[in-house]
Amino acid sequence: MTTMPVRRRRWRNTAVGWSFLLPNFAGFVILTLVPVGLLFYYAFTEWDVFGGATWTGLDNFRQMARDTSFWTALTNTFYYSVFHIPLTLGVSLALALLLNKKLRGVAFFRTVAFFPYITSIVAIAQIWNMLLSPGFGPVNEVLRWIGVDNPPGWTTSADWSMPAVILVGTWRDMGYYMLLFLAGLQTIPAQLHEAALVDGANPWQRFLAVTLPGLRPTTFFVTVLITINSFKVFDVILVMTDGGPGQSTLVLSQYIFQKGFEENQFGYASAVSIVLFAICFLVTIIQFVVNKRRSE
Amino acid sequence: MTTLLAVKEDPVKIDVPVRRPSRAWRVLGYLALGVASVGVLLPFYWMVMSSLKTNNEVFTVPVQWIATDPVWSNYAEIWRKSDMTTWLGNTVFLAAVVTFLQVLTGSFAAYGFAKIRFPGRDVLFLAYIGTLAVPWASYMVPQFVMMTKLQLTDTLWSIVALQAFGALGVFMMKQFYETIPDELLDAARIDGMNEYGIYRRIMLPLSVPALASLALITLVTTWNDYLGPLLYLRSPDLWTIQIGLKSFIGQYNAEYALIMTGSVLSVLPVVVIFLAGQRYFVEGVATTGLKG
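Protein chains in written order, with UniProt numbering: chain A, 1 to 296; chain B, 1 to 292.
So this is what it looks like as structure tokens:
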């Protein structure tokens with residue numbers, strides 16, 4: 001091997017390297033990379049099922065600016081995210097802190113907390129729709145029992161459908177992020193806690209001075225993940241409320257789905273897709289910049 | 001993007017708690033643990049109980065927490081009223097093919113990314129990871145156009161194509177391969193083994209736990225996928241369990257007990273798989289932290 005000329009070896013490495021990537025890469029290019037690229041072309045075209053794409057410049061975006069359904073979907077996406085992000089972050093961190101204690105039953109709960117995450121969304125949506133059913137559902141029954149005279153209509157009410165979806169979204173995701181936090185907590189050296197204890201720090205002070213700083217990389221990572229996952233919320237809404245009642249839970253992903261696959265407006269759907277793409281992209285960039293500034 | 005990989009270093013060792021808390025904290029801790037467990041488990045419990053009730057018993061005031069006279073016949077009836085056999089068959093087929101391809105192509109590509117140096121490799125990997133952050137909904141329309149051109153729509157192969165070449169497998173396996181020292185491979189190279197031999201005889205046997213993690217995660221994801229089949233599988237004889245269950249719910253929307261029976265059947269295989277391979281599953285999730 002050492003006798004081979006450098007250039008030939010590099011060429012050989014490239015060929016061998018590519019041969020390893022190729023089976024996966026071919027599928028990846030055709031089904032992910034090319035579609036992501038095409039998106040930026042389709043968005044500037046008018047295209048329905050009949051005939052091909054016609055270049056129309058910014059027309060789709062002008063149409064979007066006047067499209068009240070689009071603005072509703074955009075607002076609802078933010079509504080969902082603004083509540084879902086902190087709620088999931090808080091609950092999963094709290095659960096992880098709890099599981100990091102030496103308590104019996106911790107292993108059991110770690111398993112159980114993962115159940116919602118591995119359960120199909122169709123089943124989850126159906127269970128919760130029934131649990132939250134306004135007239136006879138167990139949730140409202142319990143609420144009435146503890147003295148709430150007029151419990152919410154949940155998914156049948158335009159005001160309560162979004163909170164219901166946020167609740168189910170958090171319930172479903174918390175076990176997953178809890179696990180990521182737990183992995184982060186394990187990397188904090190126990191000596192740091194001991195030292196803080198010797199210095200007379202109370203649990204809250206230790207949490208602020210040891211746990212949170214030690215957990216910073218994990219918290220950042222989890223926040224990025226939750227944020228992207230919140231803005232792209234899709235299946236839980238499609239199955240639980242189908243955007244309703246009215247348009248009270250219509251979100252961007254679902255609006256793309258409606259435009260693209262129910263009304264066959266591929267061009268316009270792609271333009272809306274660009275907005276969703278841009279939001280996720282921008283939010284991620286901002287988080288990276290903020291994180292970098294803070295760690296300096 | 002590199003900071004996205006921040007959590008990777010330490011494949012979780014979850015059982016090393018910091019220290020023994022005081023008694024008051026312990027009581028509080030158990031209380032919280034109890035409340036959380038009930039919060040997570042109660043919906044599942046309710047599902048199982050409802051699947052064993054008659055229709056009228058599902059919604060009663062007050063809630064009937066135990067099915068006093070379990071209606072096991074629900075589990076026979078759903079097979080008569082629905083196309084459960086077809087749905088399960090399709091789903092099993094998809095889960096098996098997708099998992100096999102994802103593990104194979106994913107680990108193969110990961111070896112190229114982790115252990116062979118060549119120009120452009122790192123940029124390419126960045127493109128892989130970058131797309132993990134792009135919402136599927138934002139490129140599902142152009143993707144559908146591609147599938148139509150390949151004449152894959154309304155065939156089971158569309159779902160295979162959709163799921164089998166994901167970046168997740170490559171990413172996960174690469175993380176693992178990087179923990180294997182290069183010296184080991186160099187020794188094999190000096191002995192005259194070529195790269196494909198090294199992959200097959202050294203890397204694959206060493207990476208069985210990581211392969212198991214990837215296989216389990218892929219299996220569960222494919223089993224549970226709703227959106228892919230919804231877009232691509234239009235003919236009823238191609239439906240998966242998720243699509244089938246959803247259509248069953250639409251068709252028999254007042255058959256509450258049967259709907260819950262169907263839900264139990266759709267969840268059960270995944271729960272069994274999860275419990276059997278829990279260790280690998282948890283490790284896989286903690287090492288990647290990237291999914292969906």
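No residue lacks a Cβ here, since even glycine has one placed at the ideal position from N, Cα and C.
Check: residue i C-beta below 7 angstroms from any heavy atom of the ligand MG
i: B/F118; result: Questions concerning the ligand MG fall outside what the structure shown contains, since it holds no ligand whatsoever.
Residue burial classification, residue i (beta-carbon count within 10 angstroms, cutoff 16)
i: B/V237; result: Correcting the residue type first, residue 237 of chain B is Asp in the shown sequence and not Val. Burial call: exposed.
i: A/R110; result: buried
i: B/V38; result: exposed
i: A/N264; result: exposed
i: B/L275; result: exposed
i: B/Y111; result: buried
i: A/P213; result: exposed
i: A/P35; result: buried
i: A/G147; result: exposed
i: A/R104; result: exposed
i: A/R172; result: buried
Delimiting residues of the alpha helix (DSSP H) encompassing residue i
i: B/T105; result: M84 to K115
i: A/P35; result: V34 to Y42
i: A/F20; result: V6 to F28
i: B/L184; result: D182 to I190
i: A/P189; result: Neither: A/P189 is in no alpha helix (DSSP H) and is coded neither H nor E.
i: B/G244; result: I241 to Q251
i: B/V123; result: R121 to L132
i: B/P236; result: Careful: B/P236 lies outside any alpha helix (DSSP H) and carries neither H nor E.
i: B/P135; result: Unbroken run through B/P135: none, as it is neither H nor E.
i: A/A107; result: V106 to V112
i: A/S69; result: T68 to L99
Under 8 angstroms from the C-beta of residue i: neighbouring residues of chain A
i: B/V270; result: I118, T119 and S120
i: B/E195; result: V16 and F20
i: B/Q143; result: L31, T32 and P35
i: B/G29; result: L98, K101 and L103
Cross-chain neighbours of residue i in chain B, by beta carbon under 8 angstroms
i: A/W128; result: P43
i: A/I166; result: What A/I166 touches in chain B: nothing, since even the nearest Cβ is about 15 angstroms away.
i: A/D235; result: Y226 and L227
i: A/V239; result: Y226 and K246
Euclidean distance between Cα positions of residue i and residue j
i: A/P217; j: A/L98; result: 20 angstroms
i: A/V106; j: B/L33; result: 8 angstroms
i: A/G153; j: B/V145; result: 40 angstroms
i: B/T3; j: B/K246; result: Note that B/T3 has pLDDT 36, beneath the 50 cutoff, so the model's placement of it is unreliable and the number below is only indicative. Roughly 39 angstroms between the two C-alpha positions.
i: B/I66; j: B/A257; result: 14 angstroms
i: A/F261; j: B/M140; result: 10 angstroms
i: B/L5; j: A/N150; result: Its pLDDT being 38, under 50, B/L5 is placed unreliably in this model, and the value from its coordinates should be taken loosely. Rounded to the nearest angstrom, the two C-alpha atoms are 48 angstroms apart.
i: B/V270; j: A/G200; result: 48 angstroms
i: residue 297 of chain A; j: A/V283; result: Nothing in the structure corresponds to residue 297 of chain A, since chain A is present only between 1 and 296.
i: A/R62; j: A/W71; result: 13 angstroms
i: B/A96; j: B/L219; result: 7 angstroms
i: A/A43; j: B/R117; result: 38 angstroms
i: B/D154; j: A/V239; result: 21 angstroms
i: B/I198; j: A/T241; result: 52 angstroms
CB contact below 8 angstroms: residue i versus chain B
i: A/E46; result: no
i: A/S161; result: no
i: A/Y80; result: no
i: A/F70; result: no
i: A/P151; result: no
i: A/N76; result: no
i: A/L143; result: no
i: A/F261; result: yes
i: A/M1; result: Summary for A/M1: the model assigns pLDDT 48, below 50, so the residue's position carries little reliability; its value from the coordinates is reported in the next sentence. Yes, its Cβ sits closer than 8 angstroms to a Cβ of chain B.
i: A/V283; result: no
i: A/V148; result: no
i: A/V290; result: no
i: residue 360 of chain A; result: This structure cannot settle anything about residue 360 of chain A, because the visible part of chain A is limited to 1 through 296.
i: A/L179; result: yes
Residue i: contacting residues in chain B (beta-carbon distance under 7 angstroms)
i: A/T111; result: Q278
Closer than 8 angstroms to chain A by CB, residue i
i: B/A215; result: no
i: B/V282; result: yes
i: B/S266; result: yes
i: B/S37; result: yes
i: B/K246; result: yes
i: B/A161; result: yes
i: B/T2; result: Low local confidence applies: a pLDDT of 34 at B/T2 is under 50, so the model's placement there is unreliable, with the coordinate-based value given in what follows. Taking Cβ atoms only, chain A never reaches closer than 8 angstroms to B/T2, which makes this a no.
i: B/I249; result: yes
i: B/A133; result: yes
Under 7 angstroms by beta carbon: chain A residues contacting residue i
i: B/S263; result: A123, Q126 and I127
i: B/M47; result: I127
i: B/Y256; result: M130
i: B/F108; result: F20, P23 and N24
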